[in-house]
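Protein chains in written order, with my numbering: chain A, 48 to 197; chain B, 65 to 449.
In structure tokens:
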């Protein structure tokens, strides 16, 4: 048998996997995203152990109760739990933050509006929503979080 | 039966490890590792083994029902086999249970990586994130490693310089490991000055992909005695696994609770009360440099891991050598198989067969795994000779 002398001729089958999914947001997720579209943030509340979950869930992961109560999240309690500046294949770097809210389990991931000032851990921020007409009922309806001075 | 001496590793085998294994299929890598392991254990695989466990994930394999493709190349045709969708140490945990439950007194565990075939590594990683709240379009999935690293350094008081010391140590250790392909002599400055991928995480703090397969043969104490081959049995004295949340918003990020919880349980099984004096060395997850520091602390090997590493206490001649093999930073990341690579290197050390890397007469070690972003899951095992 003739020897292969070029890497590109070595037997390799190239293929890609063209898969498509519809991911159901679920009872809690759907409600949360509908409210987000209206510019509101709500968490689900556990009446047993009083924890607030954001994004909301219909179950408490600590006491395993079913959750039916909802509560507005105080937007002025938002702060940067951690942040990172991520390299992108194209375009400028992106500033991503995990934002938490006082007294709430969980939080929200989002873009951080860059400013001349370097972001800090614990920095107070607020969510800035897209124009109403541009919202789609997705997490990206929050265009970014920006620093506030309360 | 003495505690911690009920289940043993009686054979180990590995394929060649490389950044690219051109022209060799994953099945051929598996076959190579299996042949070495069965010869090492002195067994006839087609007649002696009663249970086979592979550890693989479909997306890394590029094949749905990838488990169906596992049997033949490890000698498991028409034998009981299942695939664990998790890392190689989780496979070892299953083997441990199979032996104790009486499923079989001889069990084979395999895990492999053919990452050089995966041309969309970032995409596979991204698909691990929650589709509604964790995937950020246009942003590469390592954003989570950046978030975790910053939070961990903030809470622990360790520094970026400490993380660089981990890279320097592991890549230097790898130079003495004939199976390691990412060995290098670097300075802290080389690490810190490399490209920032997700700040503060730089390129050289991220382990690079590698191909390879590892096979481990596990036996009951009675079977291990009967085999009485050339190898001393390496006892699985304790093993435990924990899963925290995969939802980024809910992650603690500061602590590796999967590691501290599984370590507590594994130490309890192995009757270890003071890991610092009872553990001789550690082979632990260092997918990213900061993860080694976080894991050292979670495993109770040091209170301030940064100082521990940067002062040389984790060096091969230090108080507790950590990743003498080079770890994933020095040997490469084998995704699900990384954990079994750590177990393989540990077994060689305990058997006194680690060549230039050999430590002086080690008796007991801790092996620990993490499943990678975006998980907070991992396994801790204690191995002894």
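Even for Gly, the Cβ is constructed at its ideal location relative to N, Cα and C.
- When only Cα atoms are considered, residue 253/B and residue 71/A end up about 47 angstroms apart.
- For the segment 141 to 152 of chain A, the set of residues with a beta-carbon nearer than 7 angstroms to any beta-carbon of chain B comprises 141, 143, 145 and 152, in chain order.
- Against chain A, the CB of residue 197/B has a partner CB under 9 angstroms away; the residue lies at that interface.
- Residue contact with chain B for residue 168/A: present (Cβ-Cβ distance below 9 angstroms to some residue of chain B).
- Using a Cβ-Cβ cut-off of 9 angstroms, residue 312/B counts as an interface residue toward chain A, since at least one Cβ of chain A sits closer than that to its own.
- Boundaries of the alpha helix (DSSP H) harbouring residue 185/B: 185 to 190, taken from the DSSP string.
- DSSP, reduced to helix, strand and coil, places residue 176/A within a strand of the structure shown.
- For residue 384/B, there are no neighbours in chain A by C-beta distance under 9 angstroms, as the nearest C-beta there is about 29 angstroms away.
- Rounded to the nearest whole angstrom, the C-alpha separation of residue 86/A and residue 142/A is 22 angstroms.
- Not one beta carbon of chain A lies nearer than 9 angstroms to the beta carbon of residue 408/B.
- Contact annotation: in the segment 93 to 114 of chain A, residues whose CB is within less than 9 angstroms of a CB in chain B are 100, 101, 102 and 108.
- Counting C-beta atoms within 10 angstroms of its own C-beta, residue 183/B has fewer than 16 neighbours from the protein chains shown and is therefore classed as exposed.
- Take residue 224/B, set aside five residues on each side of it, and the residues of its chain with a beta-carbon closer than 6 angstroms to its own are 264, in chain order.
- The alpha helix (DSSP H) runs lying completely inside the segment 217 to 254 of chain B and spanning 4 residues or more are 224 to 238, given in chain order.
- Classified as exposed, residue 195/B has fewer than 16 neighbouring CB atoms from the shown chains inside 10 Å of its CB.
- Along the segment 360 to 392 of chain B, none of the residues has a CB nearer than 7 angstroms to a CB of chain A.
- In the three-state DSSP reduction, residue 176/B falls in the strand class (E or B).
- Taking a 10 Å sphere around the C-beta of residue 385/B, we find 16 or more other C-beta atoms and assign the residue as buried.
- With a threshold of 16 other beta carbon atoms within 10 Å, residue 428/B meets it and is buried.
- Interface flag for residue 206/B against chain A is set, since a Cβ pair is found closer than 9 angstroms.
- Taking a Cβ-Cβ cut-off of 7 angstroms, the neighbours of residue 129/A in chain B comprise 211, 214, 215 and 317, given in sequence order.
- In the three-state scheme derived from DSSP, where H, G and I count as helix and E and B as strand, residue 282/B is classed as strand.
- Chain order gives the chain A residues near residue 263/B as 131 and 132, where near means a beta carbon separation below 7 angstroms.
- Taking every protein chain shown into account, the CB of residue 160/B has 16 or more other CB atoms within 10 angstroms, so this residue is buried.
- Taking a contact to require three or more Cβ pairs closer than 8 angstroms, the segment 152 to 159 of chain B and the segment 403 to 421 of chain B qualify as touching.
- As summarised for the segment 258 to 322 of chain B, the continuous beta strand (DSSP E) elements at least 3 residues long and confined to that stretch are 260 to 262, 275 to 284 and 298 to 307, given in chain order.
- Inter-residue distance for residue 112/B and residue 103/B is about 13 angstroms (C-alpha atoms, whole angstroms).
- Residues of the segment 126 to 138 of chain B that bring their beta carbon within less than 8 angstroms of a beta carbon in chain A comprise 126, in sequence order.
- Under the 10 Å beta carbon count, residue 165/B is surrounded by fewer than 16 other beta carbons and is classified as exposed.
- DSSP places residue 104/B in the uninterrupted alpha helix (DSSP H) bounded by 90 to 105.
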